[in-house]
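The structure under discussion appears below in the form of structure tokens.
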Amino acid sequence: MYGRGHQPERVRLLGGLPAVKRSGSVRGALVALALAAGLAGGCDQEKRADLPPPPTPGQGRSNAVTAPVVAATASTAATATGAAPAAPAAPRLLCAGQSPRPAPSSGGLTAVAANGADAPPANIGFGVGKWVWVNFWAAWCKPCLEEMPRLLGWQQKLRAAGVMIDLAFISIDDDERQLSRFLEAQPGTGVRASYWLPEGPQRTGWLRALGVKETTELPIHAIAAPSGQVTCVIQGAVEDSDYPTIAALFGVKK
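See below:
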């Protein structure tokens, strides 16, 4: 049996109710206990009523849910008012207004190639009777990597149209090992050879010759004519829609 100090909780509650006296009936004690329990239950119910309902799936992502509704409403309003759809963007004038400049010296370059790939020539051949497209890039530059297949495809397309053109990639990665790892990971149809131009006076000279700041963003494109003059410098990635402008630069009709 339990001692007095080990009475069950409900027993201690009964003994602690002020309305229950030793001379009172058991029935009165039970009524008082039921009343106290009812009051306690009512507080719990009231608290539960104040709590917000459990979230439904997706409720925490209200911006994503409401954004399409707003867009649809705006579109509906534009249709109702008869507003014309936006016109397609005009082709970019990539090389407009640029004056020819001498090609930079090809000094300071290190030729790097993946195993089994042909290494590029020791120097880039400017002014030897063919076009040269130079692409400055880095393995950590996502736009650079995304446009590489596009550049390779354009080279094939231009050659098929009769344009003699070489494509030279120049990496400005901080470490040559970054470049080597990238080249080794590329498929047979990808970029598996490139020049490396480390930071220093040689890189500064290259960029200054092209009229580009050394702190500019990648990628950078420089197109040199067969005469050896750089006729076009493009800062930023090229897009599929730029091909007609590029083809016109080489005298190729779309």
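Numbering (full-length UniProt numbering), first residue to last: 1 to 254.
Positions of the beta carbon are idealized from the N, C-alpha and C atoms, including for glycine.
Query                                                                                                                           : Result
Where P187 falls, given that 16 or more other Cβ within 10 Å makes a residue buried                                             : exposed
Residues bridged to D175 [DSSP beta-bridge criterion]                                                                           : Its beta-bridge partners do not exist; DSSP assigns none.
Rounded straight-line distance, which links the Cα of A168 to that of P201                                                      : 20 Å
Per-residue DSSP class, three states only, for D240                                                                             : helix
Segments of 4+ residues assigned as alpha helix (DSSP H) that fall wholly inside the UniProt domain "Thioredoxin" (78-228)      : 142-160, 176-185 and 201-209
Distance, V233 Cα to I223 Cα                                                                                                    : 6 Å
Alpha-carbon to alpha-carbon, A103 and D174                                                                                     : 24 Å
Cα-Cα separation, V238 to G127                                                                                                  : 24 Å
Contacts around A139, its chain only, beta-carbon distance under 8 Å, and the 5 residues preceding and following it disregarded : L145, S171, D173, Q178, L179, R181 and F182
Identity of the residue in P244, Q156 and W131 nearest G190 by Cα                                                               : Q156
Beta-ladder partner(s) of V233, from DSSP                                                                                       : A222
Beta-carbon spacing of V230, R101 below 9 Å                                                                                     : yes
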